[in-house]
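A.B. asks: Residue numbers (our numbering), protein chains in the order written: chain W, 1 to 94; chain D, 1001 to 1264.
Beta carbons: idealized from backbone N, C-alpha and C, even for Gly.
Below: one structure in structure tokens.
Below is the structure:
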């Protein structure tokens, strides 16, 4: 236990208490458990998304975020993909 | 027509057998005709917790495979007129029984008893599938530890997939001192994560070990905290509205100091 942690505890602050760590870790692990998707699979999904989207636009791969988000017992796939440049749509010009 | 309640958890060692023994005994004390069914084939223990280990002749596999009649395998608890145990087999494995046989057995038990309490083995394999096959409702036992809560979540999903919806939660072995320090998840934390209805909380209590040593379920011990918790849970199973047990710890020196300096 660090000194800061010790002082916080003496002051009765819960922010550093281990139960909050447990709760946060559980929350994250359960999102994946409930969606039955592993971090590896999520990474693969991300790579595949990049491949498909790159056919249509240039995206910022480094700041792209793909995550499972949880709400009660529902899980949603949330993607935030910054677009840098659109590709020209040749087919529209026919 | 009786009701079949399965007691399950996923993780081992969280108190399924203790909970089964106490619920069954509690319901019998309340005047119901109850049978406890141990489905942990190969690792039977409900007999020991109930103090009935010396009276086993036939077991659940003998019944399902037709070696004996149900009546012959039931052990009558001498302390309570209306409490019976159907022990697990010790020398067979979990595949010795099928879910179909369990459904038949459950239907037969419901004719005879007000409540059949099924003690489920740990895990999510065949033994679990057998145990839940004939059940009308499910109780999920967890402790305030990450591994137990995670497994409970998995079990809740599997129960719902098996159309045993609305399982109720028992949080076992809460240590109020640790909760107060912020080093153990409390009731609200766990309910928040698992999002199911609470059936009760049971404090960690040495008297559980003592009562298991003696083969007398703690629910019979009126001085035991855990016994009181199980008596409340029993009443809730019967449909009564009962307040949760007060698990607050008395104020310590540090609390008084904090109050004095106005920090709380």
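#1: So residue 1150 of chain D contacts chain W; which residues on that side make the cut at Cβ distance below 9 Å?
#2: How long is the line joining the alpha carbons of residue 1021 of chain D and residue 1029 of chain D, rounded to whole angstroms?
#3: In angstroms, rounded to a whole number, what distance separates the CA positions of residue 1182 of chain D and residue 1089 of chain D?
#4: Quick one, which residues of the region 1182-1208 of chain D are near chain W if we go by CB-CB under 7 Å, in chain order?
#5: Taking C-alpha atoms, which residue in D:1075, D:1115, D:1123 lies nearest to residue 1094 of chain D?
#6: Between residue 1017 of chain D and residue 1080 of chain D, is the Cβ-Cβ spacing less than 9 Å?
#7: List, in chain order, every chain W residue whose beta-carbon is nearer than 8 Å to that of residue 1248 of chain D.
#8: Locate the alpha helix (DSSP H) running through residue 1230 of chain D, then write down its first and last residues.
#9: Check the Cβ of residue 17 of chain W against every Cβ in chain D and list those closer than 8 Å, keeping chain order.
#10: Rank D:1111, D:1131, D:1220 by C-alpha distance to the C-alpha of residue 1034 of chain D and give the top, closest one.
#11: Spell out whether any CB of chain D is found under 9 Å from the CB atom of residue 76 of chain W.
#12: Under 7 Å between beta-carbons, which chain D residues line up against residue 22 of chain W? List them in chain order, please.
#13: What does residue 1153 of chain D touch in chain W if you count any residue whose Cβ is under 8 Å from its own?
#14: Output the distance between the C-alpha atoms of residue 1000 of chain D and residue 1105 of chain D, rounded to the nearest integer angstrom.
#15: Are the CB atoms of residue 1004 of chain D and residue 1118 of chain D within a distance shorter than 9 Å?
C.D. replies: Result, derived from the coordinates:
#1: As a position in the second chain, residue 1150 of chain D is number 150, starting the count at 1. Simply 26, 29, 30, 33.
#2: Translated into positions along the second chain, residue 1021 of chain D becomes position 21. Translated into positions along the second chain, residue 1029 of chain D becomes position 29. Approximately 12 Å between the Cα atoms of the pair.
#3: As a first step, residue 1182 of chain D must be located in the second chain, where it is residue number 182. As a first step, residue 1089 of chain D must be located in the second chain, where it is residue number 89. Distance between the alpha carbons of residue 1182 of chain D and residue 1089 of chain D: 43 Å.
#4: 1182, 1183, 1184, 1185, 1189, 1193, 1195
#5: What you label residue 1094 of chain D is simply residue 94 of the second chain in a count that begins at 1. The option with the nearest alpha carbon to residue 1094 of chain D is D:1123.
#6: Within the second chain, the letter at position 17 stands for residue 1017 of chain D. Within the second chain, the letter at position 80 stands for residue 1080 of chain D. It is not a contact, given that the beta carbons lie outside the stated cut-off.
#7: Taking the second chain and counting its residues from 1, one reaches residue 1248 of chain D at position 248. The contacting residues do not exist; residue 1248 of chain D stays about 16 Å from chain W at best.
#8: On the second chain, position 230 is the one that residue 1230 of chain D refers to. It spans 1225-1237 - the alpha helix (DSSP H) in which residue 1230 of chain D sits, taken as one unbroken run.
#9: Position 17 of the first chain, counted from the start, is the residue given in the question as residue 17 of chain W. The answer, in chain order, is 1181, 1182, 1183.
#10: The residue given as residue 1034 of chain D occupies position 34 in the second chain. If we check each option's Cα against that of residue 1034 of chain D, D:1111 comes out closest.
#11: In the first chain, residue 76 of chain W corresponds to position 76, counting from 1. No, because no Cβ of chain D sits closer than 9 Å to the Cβ of residue 76 of chain W.
#12: Along the first chain, one-based indexing puts residue 22 of chain W at 22. Neighbours of residue 22 of chain W on chain D, chain order: 1146, 1185.
#13: Start at 1 with the first residue of the second chain, and residue 1153 of chain D comes out as number 153. Near residue 1153 of chain D (Cβ distances below 8 Å), the residues of chain W are 30, 33, 34.
#14: No answer is possible for residue 1000 of chain D: the residues shown for chain D start at 1001 and end at 1264.
#15: For the purposes of this step, residue 1118 of chain D is taken as residue 118 along the second chain, with counting starting at 1. For the purposes of this step, residue 1004 of chain D is taken as residue 4 along the second chain, with counting starting at 1. In this structure, residue 1004 of chain D lies closer than 9 Å to residue 1118 of chain D by Cβ.
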